[in-house]
Amino acid sequence: MKQSVKGLVKILFTLVLSLAIGAVFILAIGESPLVAYGALLKGAFGTKLGLGTTLAGFTPLMVTAIAFAVAAQAGAFNVGVEGEVILGGITAAYIGVNWGFLPAPLLYLACFLGAMLVAAAWALIPAVLKAYYQVSEVCVTILMNTVALYIASYLVSGPMSAGTANPQSDPVLVTLPAIMKPSSANAGIFIAIIAVIVVIFMLYKTRWGYKIRTVGTNPEHAQYVGINAKKTFIYAMLLSGMLGGLAGCIEVLGVHGYYLDGFAKDLGTNGMLAALIVKSNMITTPFMAFFLAVLKSGAMAMQQSTGVPKAIVDTISAVFIIVATMEFVIQIKGRHNKKQKAAVITGHPMPEQEKPETSKKEE
Amino acid sequence: MDLFGNLGKIFNASLIYATFRASTPIIFAALCAAITQQANILNIGTEGIMLVGAFTAVAVSYTTGSWILGVLAAMMGGACIAMIMAVGHIKYNSEICAIGMGINLFAIAITKFLMNVIFHTNGTFSDPGIIAIPRVHIPFLDNIPVLDTLLNNWCFTEWFVIIFIIVLQYIFYKTVWGLRLRAVGQFPMAAQAAGINVNAMKYQAMLISGLIGGLAGAHLSLGYSTQFVENMTNSRGFMGVAAMYFGGANPVLTAVGCLLFGFADSVGARLQAYGFPAQFVLLMPYLVTVLVLAVSMAIKLNAAKKRESSLIVHGTR
Numbered sequence: 173m174k175q176s177v178k179g180l181v182k183i184l185f186t187l188v189l190s191l192a193i194g195a196v197f198i199l200a201i202g203e204s205p206l207v208a209y210g211a212l213l214k215g216a217f218g219t220k221l222g223l224g225t226t227l228a229g230f231t232p233l234m235v236t237a238i239a240f241a242v243a244a245q246a247g248a249f250n251v252g253v254e255g256e257v258i259l260g261g262i263t264a265a266y267i268g269v270n271w272g273f274l275p276a277p278l279l280y281l282a283c284f285l286g287a288m289l290v291a292a293a294w295a296l297i298p299a300v301l302k303a304y305y306q307v308s309e310v311c312v313t314i315l316m317n318t319v320a321l322y323i324a325s326y327l328v329s330g331p332m333s334a335g336t337a338n339p340q341s342d343p344v345l346v347t348l349p350a351i352m353k354p355s356s357a358n359a360g361i362f363i364a365i366i367a368v369i370v371v372i373f374m375l376y377k378t379r380w381g382y383k384i385r386t387v388g389t390n391p392e393h394a395q396y397v398g399i400n401a402k403k404t405f406i407y408a409m410l411l412s413g414m415l416g417g418l419a420g421c422i423e424v425l426g427v428h429g430y431y432l433d434g435f436a437k438d439l440g441t442n443g444m445l446a447a448l449i450v451k452s453n454m455i456t457t458p459f460m461a462f463f464l465a466v467l468k469s470g471a472m473a474m475q476q477s478t479g480v481p482k483a484i485v486d487t488i489s490a491v492f493i494i495v496a497t498m499e500f501v502i503q504i505k506g507r508h509n510k511k512q513k514a515a516v517i518t519g520h521p522m523p524e525q526e527k528p529e530t531s532k533k534e535e
Numbered sequence: 130m131d132l133f134g135n136l137g138k139i140f141n142a143s144l145i146y147a148t149f150r151a152s153t154p155i156i157f158a159a160l161c162a163a164i165t166q167q168a169n170i171l172n173i174g175t176e177g178i179m180l181v182g183a184f185t186a187v188a189v190s191y192t193t194g195s196w197i198l199g200v201l202a203a204m205m206g207g208a209c210i211a212m213i214m215a216v217g218h219i220k221y222n223s224e225i226c227a228i229g230m231g232i233n234l235f236a237i238a239i240t241k242f243l244m245n246v247i248f249h250t251n252g253t254f255s256d257p258g259i260i261a262i263p264r265v266h267i268p269f270l271d272n273i274p275v276l277d278t279l280l281n282n283w284c285f286t287e288w289f290v291i292i293f294i295i296v297l298q299y300i301f302y303k304t305v306w307g308l309r310l311r312a313v314g315q316f317p318m319a320a321q322a323a324g325i326n327v328n329a330m331k332y333q334a335m336l337i338s339g340l341i342g343g344l345a346g347a348h349l350s351l352g353y354s355t356q357f358v359e360n361m362t363n364s365r366g367f368m369g370v371a372a373m374y375f376g377g378a379n380p381v382l383t384a385v386g387c388l389l390f391g392f393a394d395s396v397g398a399r400l401q402a403y404g405f406p407a408q409f410v411l412l413m414p415y416l417v418t419v420l421v422l423a424v425s426m427a428i429k430l431n432a433a434k435k436r437e438s439s440l441i442v443h444g445t446r
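Protein chains in written order, with my numbering: chain A, 173 to 535; chain B, 130 to 446.
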């Protein structure tokens, strides 16, 4: 319990620090940070449209953040969620447009299953390469994101094009109902929440989830107690891929109603951001995703009413992540205790042995 | 599609320079990643360092009218960004992938923000006031047909990268500093026991890496093109990291890897004229990078296994 309080204090400290750094940038261009942040909050929550936009942005972000976090539980750094979202989206659009012979409920199911299947297959490639050939999954997934983007872009401007000026597909036959008109918030948010709860349950309450967490914490130990570390790693990546596909499907069926080229821009990246800030803690990741969604949806309003460019929001979230990865607060406390102990034993502090200790405390 | 009739137009002497030209930014990036890899730090932030370098180079070249100042400022900018990463990773124990991705996102956001604030534009900033890195014109080559297309009018930094690869190769494998760097990377405890200051070596590697990364960015925005575009590095930093894996952080082998990616890029650009969809052309370098990386790592792993099995191995996994 004490650990989680410490973690919360650290996140709040990081949050304040990154907002302060953001304020310095805003001051530097001659605007008032308070007015800017006020406009941001007002934009995100002030109107029904604003709140709806926040929720609509939150939906895919929560899923992609959890997708990243699940892979991270098994020790993977899956930057490829964005590619999975794109391919999930294009698959959902293909099935949604062309499989009209199915009755509506089955068509929903086919869209979601198809999207998850294709996205999982896409995630399988870096997973196998990493597990069996030790190819850096960071590199492969990032490059594969671009490949996925161009594949979908080709399909939607060629074979699947609706013939409009913008590259986009025909409208899908089934859509998720909107819940807060005129914003694009839709019933997908409930699907997303259920999916996140199911995944958290799987990770913490099933044997399968235990295996994933063991492999992530200590693969050698996992191997020793009879868990197939490679297979488990691949399963975690598959689950991560399925979640990415789910996010893509929700976006296509819920927000747009068709596949729009470039719809997934930064969805995966922002999800990764949310998960990284809280070190892929499954419980706090959705909350961090919500915070980022607020920042994103309020940014436009801030830009329009105060003249502070909305890129400041990305800067703040990037600073947030950089500061959050460092072990400031805990390091300071840890060092204090260590110094006393070390002083007793050897007469001087030992910096080399300090690091692993503090990282264990963090978890 | 008379592709086969036109093979001569695709594969000709100018393709060699086109390949090299497309590879140079990736080579710089790969060297940026290689030097930290020698100290066992995976420099995922290469992309961000490069992007900051590219922006600084354009901004300084535009305001001062001097490409030399632009390049120097870019190297300083790259070094600053790299030092943030170094302090986070070495002093505050950040996970390198996490802070590296943070740096990349920070670079995209801050360059976009500064472009809005300083140049009041979105997306692309190009202006005749940006002074590019000069091209090296060799007059006596003008009249020699093949050599003229091959060697004349290279960008200054393109000549420099060749020298630089050799210099780095020498530093890594023939100097005391290089030996210490590799010792730190391969067995930090032994290095420390031998009296090497491990953290100082890591800081030095990151600092130099930042300087190279900044130079990579400067070459991209002042040599390869003369403009700054949002996120103009376009995963070149990651291609560099992939090439570094391919070459095992050996500068010469790494550069060979980069040439492969550059080749895919420039052949693709020529295929576009023969009816290939633009998207396939654009995705080719990325696809080739992934394939080359996967195949080379698989081969390396097999070789390592063979070596291992020829020794007597105690215990079983």
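Note that the Cβ used here is the ideal one computed from N, Cα and C, for glycine as well.
CA-to-CA, the gap between Q408/B and G255/A works out to about 15 Å.
Cα atoms of F405/A and V387/A: separation of roughly 7 Å, rounded to the nearest angstrom.
At least one C-beta of chain A is nearer than 8 Å to the C-beta of N222/B.
Counting only runs of 4 or more residues that sit fully inside the region 141–228 of chain B, the alpha helix (DSSP H) segments are 142–167, 175–193 and 196–215, in chain order.
No Cβ-Cβ contact shorter than 8 Å links V480/A with M472/A. Within chain A, L315 have C-beta atoms less than 7 Å from the C-beta of T418/B, given in sequence order. For S452/A, the secondary structure class from DSSP, reduced to helix, strand or coil, is coil. The residues G182, A183, T185, A186, G199, V200, A203, M204, I262 and T286, in chain order, have a CB closer than 8 Å to that of A347/B in the same chain once the five nearest residues on each side in sequence are set aside.
Within the region 396–410 of chain B, contact with chain A at the beta-carbon level (separation under 7 Å) is assigned to P406, Q408 and F409.
Excluding the 5 residues flanking it on each side, S338/B has same chain C-beta neighbours closer than 7 Å at C161, I164, T165, N172 and A211, in chain order. In the displayed model, W306/B falls within a helix according to three-state DSSP.
Exclusion of the five residues before and after N360/B leaves I237 as the residues of its chain whose Cβ lies within less than 6 Å of its Cβ.
Here DSSP, grouped into helix, strand and coil, assigns N317/A to helix. Contact check for E176/B and S438/B: beta-carbon distance about 38 Å, past the 8 Å limit, so the pair fails to qualify. In chain order, N250, A408, M409 and S412 place their CB closer than 7 Å to the CB of A243/A, counting only its own chain and leaving out the 5 sequence neighbours on each side.
Counting of Cβ neighbours within 10 angstroms places D271/B among the exposed residues, the total staying below 16. Below the 8 Å Cβ cutoff, chain A contributes P481, A483 and D486 as neighbours of K241/B, in chain order. Look at C226/B: its C-beta is under 8 Å from a C-beta on chain A. Residues of chain A with a Cβ closer than 7 Å to the Cβ of A427/B are, in chain order, Y305.
The alpha-carbon of R399/B is positioned some 39 Å away from that of L285/A.
Straight-line measurement puts the Cα of Q340/A at about 5 Å from the Cα of L432/A.
Looking at T192/B, M179/B, N169/B and I219/B, the one whose alpha-carbon comes closest to that of G206/B is M179/B. Runs of the alpha helix (DSSP H) lying entirely within the region 302–358 of chain A and spanning at least 4 residues, in chain order: 309–329. Not a single C-beta of chain B is nearer than 8 Å to the C-beta of F362/A. Here the alpha carbons of A483/A and N251/B stand approximately 11 Å from one another. Bounds of the alpha helix (DSSP H) holding H393/A are P391 to Y396. Pairing G420/A with I258/A gives a Cβ-Cβ distance under 8 Å. The straight-line gap separating the alpha-carbon atoms of V450/A and E203/A is approximately 30 Å. C-alpha of V307/A to C-alpha of R309/B: approximately 27 Å in a straight line. For M414/A, the enclosing alpha helix (DSSP H) covers residues A401 to I422. Taken in chain order, the members of the region 351–367 of chain B whose beta-carbon sits within less than 7 Å of a beta-carbon on chain A are S364 and F367. Counting every other CB atom within 10 Å of its CB across the protein chains shown gives E499/A a total of 16 or more, marking it as buried. DSSP places V480/A outside any alpha helix (DSSP H), giving it a letter other than H or E. The C-beta of E203/A comes no closer than 8 Å to any C-beta of chain B. Listed as beta-bridge partners of W283/B by DSSP are V265/B. Measuring C-alpha to C-alpha distances from P317/B to each of S143/B, A168/B, W283/B and F254/B identifies A168/B as the nearest.
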